[in-house]
Every structure is written in C-alpha cells, then in structure tokens.
Amino acid sequence: MTEVPDLATGAPQTGESDAGALVVVATPIGNLADLSPRATEELAGAELVCCEDTRRTGLLLSRIGVRARGLRRVDAHTEAAASAEVVDLVAAGHRVVLVSDSGTPVVCDPGRRLVAAVVQAGHGVVVVPGPTAAIAALAGSGFAADRFAFEGFLPRRGRERESRLQQLALEQRTCVLYESPKRIAATLADLARCCGAERRAVVARELTKLHEEFVRGSLAELVAWSASEPKGEIVVVLEGAPDAVEVGDEEIVAELSSALAQGLSPRDAASRAAAELGVSRRRAYELLHRE
Ligand code: SAM
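Heads up, the sequence shown is in my numbering, so the first residue is 540 and it goes up one at a time.
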C-alpha cells in the first residue's frame, strides 16, 4: 500500500496497512473521475472483490485497467454464504473489497451482513469513502444539513407507505429520499398531499452525469414538473417541516370543515388538515370523529 501521510499531522493514515481486512469501497455514481486513488489501489490489491453484479464491476475494473484476482457476486441471496468465505480470507491476512453497483455499498445496497459478519468475527473493517447520491443531493439542495434524515426508498404502497409519509409531514429535519423515475410523479404527489403543496423540495437528477440537474420548487411545482416524465436516477430532498406552533382544536376543526365542504373524503380531509397545520393526522382524525 502506498504511504500517504495524514493531511493535517503527517502521521500514517488509519486503514493504510497490509493487514487483513474487509475494505468497503465507494465507487462513482456516474462519473468515473470520482473514483479515488485509494479506491483504485484497494481494488488492484484485493484478494477478492465482492460486488453486486460481476459484469458491471468488471466493466469498472476494465475502465481503470485493473485485473481483479477474484470477483464474487454478493447480493441479498448470496450474502450469507459469501460471509463465511470472506471471514476466512480476512482471517488469513487478505484484503477483501466490497463494492456495489454505484456509490457507497450498504447504503440502500447489499453488504451490511458481510460487514457485520467480519465485525462479529473480530476482524478489521476499513472504509474508503466516496460518492453517495444522498449526500451529493443534500449538499446541492441548499437546505439545512447539520441534521438530516435519510429515508432511502419509501415503501411502495399500503399502510406502511402512508405512515412513513405522515412521519415526513412532521419531520423538521431535511429528508433525503431515493426514487425511481417510474414512481417519482406518484411520490411527489403523495408528498404534496401529506406535507402540504407549499413545502419546498429539490429533485436531484442524474448527479455527476452529463445531464445532471437540480429542479427546485414547491411540491406543487415539482408535481407539475414530473408530468414531463423525467428519466434517469433521482434523489428527492425535502425541506424540513416548519417549527411546530401551538395549534388549537378550533383551528383544526375549521380546516376539517372547509376540506369536507370542498368534497374531500374524511381521510383526505384529515391528511390535509394535518399537513396544513403541522399536527398529527391522528389528532385531526380524532377531532373529525368528535364533531
Ligand atoms: N449505494 C448508492 C449510493 O451510495 O447512493 C445507492 C444505491 S440505490 C440502489 C440507487 C438509487 O440511488 C437510485 O434509485 C437513485 O435514487 C439514487 N442514485 C444513484 N445514483 C444517482 C445519480 N447519479 N443521481 C441521482 N440519484 C442517484
């Protein structure tokens, strides 16, 4: 391993050793130039590279001129079996690299069980940090990022999705979500319904690629934008809910009455009142039934 001293102190780096370890390596989310020199070095020196898709990682390796000693597919189905082999290799003093199709492994990608198995066996885990779509989108959003919540993909349907949306409606931290182009329109519409049409958000699309764009606006504006059927990879960054102000029952009841008078179902009326006034949907529901 090439010796590169710590930027501030000049001391040897953590993780820079020839000891056996599982090395979690972040790879580009679109732009090959984002692969770090350390990542290349670990890939070149690894006894085994564990990846989601051998063809995709094979392509990455050929682009950077690295011939892997071994390449093994590790996905949700094969992770348990691979863990035993990886633990043995690390115990024998080898470096095993874990990558995913793009970005940081384990973040909405396979690998967690592999990392846990190596930790459990008492061996070293080293991380070579790099691209993650969530952090890139957050950094470009312009929203508060000292505290934030990463939501990954929302559940696709049902009560689980609705309950997650209701949590987002009240969440005061900036929230980061992954979404596919096929479902982005439905997700933005659900966010507008639950969080209020005026809540601001950013859609970060095709980050680090030729057609990278940040689409900024209220959820209502983004719903309108999504009618153009956007393509590519997408992250949604949702601004946090405003500070909760004490809202009286009368105010909620007035909002419910107005929503019902406009023909909304009781369920939608409760959702709208909750989103508009920043109160829980359960409280709005209870008031609806008390009336
Ligand atoms: N491990 C990856 C990471 O570190 O970001 C995430 C993998 S997850 C299976 C894939 C999702 O990440 C995509 O559906 C999209 O939401 C987001 N994503 C990945 N690359 C992206 C990019 N270049 N631009 C925008 N979003 C991206």
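Ideal placement from N, C-alpha and C gives every residue a C-beta, glycine not left out.
The beta carbon of residue 673 sits closer than 8 Å to those of 646, 689, 715, 717 and 774, all from its chain and outside the five residues before and after it, given in chain order. Inclusion of residue 568 and residue 641 in the CB contact set at 8 Å is warranted, their separation being smaller than that value. Distances taken from the Cβ of residue 800 to the heavy atoms of ligand 1 include none shorter than 7 Å.
Excluding its 5 nearest sequence neighbours in each direction, residue 664 has C-beta neighbours in its own chain below 7 Å: 560, 561, 563, 654, 657 and 658, listed in chain order. Residue 812 has its alpha-carbon roughly 6 Å from the corresponding atom of residue 795. In the DSSP annotation of this structure, residue 746 is not part of any beta strand (DSSP E), being labelled neither H nor E.
For residue 713, the enclosing beta strand (DSSP E) has its first and last residue at 713-718. Contact annotation, residue 607 with residue 588: C-beta distance approximately 5 Å; criterion of less than 8 Å satisfied. Not a single heavy atom of ligand 1 lies less than 7 Å from the C-beta of residue 721. By the C-beta density criterion, residue 702 is exposed, having fewer than 16 other C-beta atoms within 10 angstroms. The alpha-carbon of residue 707 is positioned some 40 Å away from that of residue 545.
Nearest in C-alpha terms to residue 586, of all of 667, 662, 636 and 816, is 636.
In the DSSP assignment, residue 629 falls outside any beta strand (DSSP E) and within the unbroken alpha helix (DSSP H) covering 618-630. In the structure shown, residue 693 falls within a coil segment according to DSSP collapsed to helix, strand and coil.
DSSP places residue 776 inside the beta strand (DSSP E), whose first and last residues are 773-777.
Counting along the chain, the unbroken alpha helix (DSSP H) around residue 760 starts and ends at 758-765. Between residue 816 and residue 776, the beta carbon gap of about 24 Å keeps them out of contact (Cβ cut-off 8 Å).
Rounded to the nearest whole angstrom, the C-alpha separation of residue 683 and residue 550 is 34 Å.
Boundaries of the alpha helix (DSSP H) around residue 829: 820-829.
In the structure shown, residue 611 adopts extended strand secondary structure according to DSSP, grouped into three states. Distance from the C-beta of residue 592 to the nearest heavy atom of ligand 1 is not below 7 Å.
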